[in-house]
Amino acid sequence: MANIEALFERYVHTVIPSKEEAVRRIASSREPLTVYLGIDPTGPDIHLGHSTNLLWLREWIAAGQKAVLLIGDFTAQIGDPTGKDAARASLTRAQVEENMASYLDQVHKILAPGSFQIAYNSDWLGPMTFTDVVKLASHITVQQMIVRDMFQRRLEAGNPIHLHEFFYPLMQGYDSVALNIDAEVGGNDQFFNMMMGRELLQSLKHKDKLVITTKLLEDPTTGKKIMNKSEGRYVSLRDSAEEMFGKIMAMPDSAIIPLLTYATTVPLARVTDAERRLISENPKNIKQEVAREIVTLYHGDVAARDAQDSFEKIFTRGELPESIQEVSSVSGNSWPESLVAWELAESKAAAKRLIEQGAVRLNGEKVTDWATGPNLKSGDVIQVGSREFRKVK
RNA sequence: GGGGGUGUGGUGGAGUGGUCAAUCACAACAGACUGUAAAUCUGUCGGCCGAUCGGCCUACGUAGGUUCGAAUCCUACCGCCCCCA
């Protein structure tokens with residue numbers, strides 16, 4: 233019983249109808265309850281923001297309950313409009329399949345293969361006829377749709393709302409009906425869609441679904457998302473150990489506690505301990521511990537330790553990394569031409585700027601003049617900024 | 001169907017005939033400093049060429065036009081928003 237209550241504490245934001253009711257239902261049910269997590273395979277990456285749901289699911293499964301991972305292959309193919317004003321490009325079947333394979337690999341880093349079921353919403357959304365859709369739509373009013381804050385904001389700002397955007401909550405909501413599900417879990421930003429599913433399930437099957445929303449990784453000082461996929465600022469579960477470690481270290485200090493709380497499984501006592509230490513201690517140490525913890529989760533102890541060593545080596549002590557990408561030098565190439573060829577600069581103009589700014593080093597010596605071509609020999613190391621290295625073959 | 005608006009760089013958003021490759025903010029990149037790829041401060045931020053001055057090319061929804069000269073004016077088209085019906 234105690235472990236069931238604990239299910240609704242750490243990662244959870246809200247439970248509808250209530251946490252108490254959820255606990256009661258689990259305890260009083262003869263059968264395990266089934267919860268589902270829906271994800272749309274719109275890109276190849278799952279990021280740390282999604283990991284909260286997966287970590288929660290792992291506990292749910294450990295508590296003897298059932299889980300379904302619902303892949304929104306149908307919705308992804310049409311294109312999810314919930315983003316900004318521009319309609320997102322639709323994905324082809326092939327892209328979706330590629331993303332799905334990649335998603336499962338990532339999910340398996342947290343949830344053991346076989347510990348959950350997989351469902352695809354194209355199975356029931358694909359065969360629906362226009363008649364089915366109209367009938368489904370009749371259960372929801374426009375007023376119910378436009379209360380959603382995203383729609384409200386766009387109405388106020390005079391930004392377009394396309395009619396088809398109303399169908400996404402409807403489709404996602406219908407997933408609950410098709411699965412005849414007991415509960416759904418998702419990030420707090422998915423609250424509206426999950427409630428839509430609850431509404432439909434009640435209308436169509438007179439069944440009362442639990443809605444469990446999890447905490448989002450947000451910066452407590454700015455309220456902004458720490459993982460921002462549309463701005464390309466996120467830690468992917470596919471990232472290498474070193475990338476992951478580095479990206480976490482580049483996060484603002486204010487992200488330390490949210491990451492430790494919602495993206496790891498360390499005991500909560502350690503979180504309060506970290507909060508206390510942040511006051512007196514160098515935040516760098518605590519951030520490193522968080523990075524280490526997260527990398528361990530996805531890459532294991534050894535890789536995490538190596539990632540930390542390599543980070544300290546390059547950034548704290550300014551030494552060269554273990555392995556450096558090798559490039560061949562073309563004699564006669566000027567500095568800008570070489571930098572572009574080695575993918576260290578986007579254009580020759582950019583390369584010149586980098587040199588002018590003192591960002592380019594040859595064997596540790598600043599390159600000051602772009603006009604006098606590089607005189608390179610095998611083994612020379614070129615560095616741009618603090619993290620890009622190339623070695624001449 | 002009628003009327004009024006609007007469309008700018010990765011994003012938001014200025015600019016309404018030349019001094020606009022386009023104020024500013026965010027993002028990004030670099031430098032300094034540091035406690036790290038945090039914070040802060042400074043700088044850079046379309047491309048090409050000439051050894052920093054300079055020159056050329058491409059760009060402000062699309063296609064034309066007016067003009068010595070257009071992101072800025074005109075016409076058509078496309079997209080979007082609002083109001084009336």
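Heads up: the first sequence begins at 233 in our numbering, then just goes up one per residue.
C-beta atoms are modelled at their ideal positions from N, C-alpha and C, and glycine is treated no differently.
These figures come from a predicted structure and were not determined experimentally.
Asked	Found
Backbone CA spacing between Leu491 and Val522 [nearest angstrom]	7 Å
Enclosing beta strand (DSSP E) for Arg622 [first to last residue]	Glu620 to Val624
Cβ separation of Leu629 and Arg257, assumed to be a contact under 8 Å, to the nearest whole Å	The chain is shown only over 233 to 625; residue 629 falls outside these bounds and no answer can be derived.
Residues of its chain near Ile236, where Cβ-Cβ distance is below 8 Å and the 5 sequence neighbours each way are ignored	Val255, Ile258, Ala259 and Ala295
Helix, strand or coil at Leu286 [DSSP, three-state]	helix
As assigned by DSSP and simplified to three states, the class of Ala523	helix
Opening and closing residue of the beta strand (DSSP E) in which Thr246 lies	Val244 to Ile248
Close-in-space but distant-in-sequence residues of the same chain around Met459 (CB under 6 Å, 5 per side omitted)	His279, Leu280, Gly281, Leu449 and Tyr466
For Gln557, the three-state DSSP class (helix, strand or coil)	strand
DSSP three-state assignment for Ile458, whether helix, strand or coil	coil
Inter-stretch contact at 8 Å, needing at least 3 Cβ pairs: the stretch 258 to 278 / the stretch 491 to 510	no
Per DSSP, the bridge partner or partners of His279	Ser468
Buried or exposed by the 16-neighbour rule on C-beta atoms within 10 Å, applied to Lys519	buried
Buried or exposed by the 16-neighbour rule on C-beta atoms within 10 Å, applied to His531	buried
Collapsed DSSP secondary structure at Gly419 in the structure displayed	strand
Ala319, DSSP secondary structure in three states	With a pLDDT of 41 at Ala319, under the threshold of 50, the modelled position of this residue cannot be trusted; read the value that follows with caution. Ala319 falls in the coil class under three-state DSSP.
Given 8 Å, three or more beta-carbon pairs between the stretch 395 to 409 and the stretch 286 to 294	no
Where Thr314 sits in the DSSP three-state scheme	Reliability fails at Thr314, whose pLDDT of 46 lies under 50, so the model's placement of it is uncertain and no value is given.
Own chain residues within Cβ distance below 8 Å of Lys456, not counting five before or after	Glu450
Contact check, Val572 vs Ala581, beta carbons under 7 Å	no
Counterpart residues of Arg593 in DSSP-defined beta bridges	Lys598 and Gln615
Where Val366 falls, given that 16 or more other Cβ within 10 Å makes a residue buried	exposed
Contact set for Leu269: own chain, Cβ-Cβ below 8 Å, skip 5 residues either direction	Asn285, Leu286, Leu289, Ala299, Val300, Leu301, Leu302, Glu416, Val417 and Gly418
Straight-line Cα distance separating Arg593 from Glu551	13 Å
Val503 - DSSP class collapsed to helix/strand/coil	helix
Spatial neighbours of Phe621 in its chain, beta-carbon cut-off 8 Å, leaving aside the 5 residues before and after	Leu552, Pro553, Ile556, Gln557, Val613, Ile614 and Gln615
Under the three-state DSSP convention, the category Lys298 falls into	strand
Thr266 versus Glu253, Ile293 and Glu575, residue with shortest Cα-Cα distance	Ile293
Beta-bridge pairing of Ile444 - partner residues as DSSP gives them	Val247 and Val417
Beta-carbon gap between His245 and Asn425 smaller than 7 Å	no
Buried or exposed (CB count within 10 angstroms, at least 16 for buried), Phe477	buried
Cβ-based burial, Thr363 [other Cβ within 10 Å; buried from 16]	exposed
Cβ-based neighbour list, Phe423, same chain, cut-off 8 Å, excluding 5 preceding and 5 following	Thr246, Val443 and Thr445
Rounded separation between Asn517 and Thr453 - CA only	20 Å
Residue interval of the alpha helix (DSSP H) (run including Ile488)	Ile488 to Tyr494
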